[in-house]
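Residue numbers for the sequence shown follow the numbering used here, beginning at 113 and rising by one. Using N, Cα and C, we set each Cβ at its ideal position, and we do this for glycine too. Bear in mind the structure is a predicted one, so any value in this text is a computation, not a measurement.
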Amino acid sequence: MAKRELYDAEGNSRGWYSEANRVNDLTGREWVFWSRSVITRPYPPNLQHALRNRHGGQKPPELCADLVRAFSKQGQSVLDPFMGVGGVLLGASLAGRAATGIEINPEWIRIYREVCRLEGIAEQEAITGDSAMVLPTLSGRVFDLVLTDVPYWKMDRAPRSRGAWKRVGEPSRPARGSHLADFGTGGYADKGEWLARMGEIFARAAALLKPDGYLVTFIGDMYRDNEYHCLSAELAGALQRVPGLVWKANLVWYDVSKKLHLYGYQYSYIPSLIHQNILVFRREA
Ligand SMILES: C[S@@+](CC[C@H](N)C(=O)[O-])C[C@H]1O[C@@H](n2cnc3c(N)ncnc32)[C@H](O)[C@@H]1O
Numbered sequence: 113m114a115k116r117e118l119y120d121a122e123g124n125s126r127g128w129y130s131e132a133n134r135v136n137d138l139t140g141r142e143w144v145f146w147s148r149s150v151i152t153r154p155y156p157p158n159l160q161h162a163l164r165n166r167h168g169g170q171k172p173p174e175l176c177a178d179l180v181r182a183f184s185k186q187g188q189s190v191l192d193p194f195m196g197v198g199g200v201l202l203g204a205s206l207a208g209r210a211a212t213g214i215e216i217n218p219e220w221i222r223i224y225r226e227v228c229r230l231e232g233i234a235e236q237e238a239i240t241g242d243s244a245m246v247l248p249t250l251s252g253r254v255f256d257l258v259l260t261d262v263p264y265w266k267m268d269r270a271p272r273s274r275g276a277w278k279r280v281g282e283p284s285r286p287a288r289g290s291h292l293a294d295f296g297t298g299g300y301a302d303k304g305e306w307l308a309r310m311g312e313i314f315a316r317a318a319a320l321l322k323p324d325g326y327l328v329t330f331i332g333d334m335y336r337d338n339e340y341h342c343l344s345a346e347l348a349g350a351l352q353r354v355p356g357l358v359w360k361a362n363l364v365w366y367d368v369s370k371k372l373h374l375y376g377y378q379y380s381y382i383p384s385l386i387h388q389n390i391l392v393f394r395r396e397a
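Right, dumping it as structure tokens:
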């Protein structure tokens with residue numbers, strides 16, 4: 113199969129690209145870089161970060177663009193059933209892909225549209241509604257990639273800590289100047305309900321994915337109520353039960369922008385979670 117050397121905008125070699133590459137448009141050298149299980153590349157705030165930061169769970173559009181490039185080819189389509197203020201949709205625009213996002217809270221879509229206006233980026237398709245209801249209405253359409261970022265169990269009620277000290281066993285309390293992070297407006301009563309709803313929505317999203325297409329999702333683990341919750345493993349278990357989805361990788365994104373806090377000092381070990389997991393599944397049946 114034919115190979116050709118590719119060059120970046122500055123004329124530097126990107127390495128050799130094989131015409132047989134069905135997964136993405138990366139050269140072999142770039143593939144080696146992006147197949148590493150830990151992502152350490154920094155993603156400085158950009159694309160109206162302050163505006164998007166009103167959400168609290170937004171992801172860097174450039175990171176989303178890198179994931180879009182690793183799991184799809186130019187001109188292909190991306191679906192995000194939990195779009196928030198549009199990290200994935202903006203990433204798809206940066207990577208030259210069409211994208212469709214669904215978001216239950218219209219305020220986040222309004223902010224996404226404002227970001228597009230301020231940045232001069234053409235809006236992608238953004239649908240307001242509950243994905244469980246909206247995804248079936250997209251039946252008949254086929255997406256090349258599902259890239260998303262799940263709402264967090266309990267996160268809508270958890271205070272965002274900004275340097276607050278809390279003794280072990282003491283109930284959570286908002287730090288001075290903090291506000292309730294309200295980016296999980298799906299209203300999931302407990303972890304069991306959250307997992308069940310995620311399994312249901314991902315099954316509906318997977319039904320719209322092309323055969324051999326990838327389904328990729330961000331999921332952060334959590335320390336809550338004196339206990340570590342390995343949400344990535346629990347969500348992966350729910351996704352493994354979706355017919356046809358096969359688990360391919362658990363990537364770790366080291367978020368260099370996370371601030372460190374003095375959690376639990378003198379009392380108990382409490383981790384500073386400075387990473388997020390990125391689960392990679394493929395539709396194989
Ligand atoms: C972690 S956030 C996504 C953030 C996004 N990656 C960004 O860059 O802005 C998850 C989003 O899912 C939304 N959501 C929760 N349940 C939903 C549902 N059933 N259908 C659609 N959106 C939902 C929440 O309102 C929240 O904005």
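Asked: Whole runs of the beta strand (DSSP E) within the segment 167-214, excluding any shorter than 3 residues; Found: 189-192
Asked: Straight-line Cα distance separating ARG148 from TRP128; Found: 18 Å
Asked: ALA177 beta carbon near ligand 1 (any heavy atom closer than 8 Å); Found: no
Asked: Cβ shell of ARG394 (< 6 Å), same chain only, five flanking positions each side left out; Found: TYR326, VAL358, LYS360
Asked: Endpoints, beta strand (DSSP E) assigned at LEU327; Found: 321-331
Asked: Proximity test, HIS309 beta-carbon vs ligand 1 heavy atom, cut-off 8 Å; Found: It should be pointed out that residue 309 corresponds to Arg in this sequence rather than to His. It does: the Cβ of ARG309 is within 8 Å (strictly closer) of some heavy atom of ligand 1.
Asked: GLY127, enclosing beta strand (DSSP E) - first and last residue; Found: 125-130
Asked: Bridge-paired residues (DSSP) for VAL150; Found: VAL364
Asked: Span of the alpha helix (DSSP H), counted from its first residue to its last, around ASN346; Found: For clarity, residue 346 is Glu in the given sequence; the question names Asn instead. Per DSSP, GLU346 belongs to the alpha helix (DSSP H) from 343-352.
Asked: N-terminal and C-terminal residue of the beta strand (DSSP E) that TYR119 is part of; Found: 115-119
Asked: Burial state of ALA162, where buried means 16 or more other Cβ atoms lie within 10 Å; Found: exposed
Asked: Closest residue to ASN158 among GLU231, PHE194, SER125 (Cα-Cα distance); Found: GLU231
Asked: Cβ distance (whole Å) where MET195 is taken to contact ALA238 below 8 Å; Found: 6 Å
Asked: Proximity of THR212 and VAL190 at Cβ, strictly below 9 Å; Found: yes
Asked: Distance between beta carbons of GLY356 and ALA308, contact taken as under 8 Å; Found: Not a contact, Cβ separation roughly 19 Å.
Asked: ALA234 - DSSP class collapsed to helix/strand/coil; Found: coil
Asked: Ligand 1 heavy atom lying under 8 Å from the CB of ILE216; Found: yes
Asked: Nonlocal neighbours in the same chain, by C-beta distance under 8 Å from ALA234, ignoring five residues either side; Found: SER205, CYS228
Asked: Heavy atom of ligand 1 within 8 Å of ALA318 beta-carbon; Found: no
Asked: Sequence-distant residues of its chain with Cβ nearer than 6 Å to GLN388 (five each side left out); Found: PHE330, GLY332, TRP365
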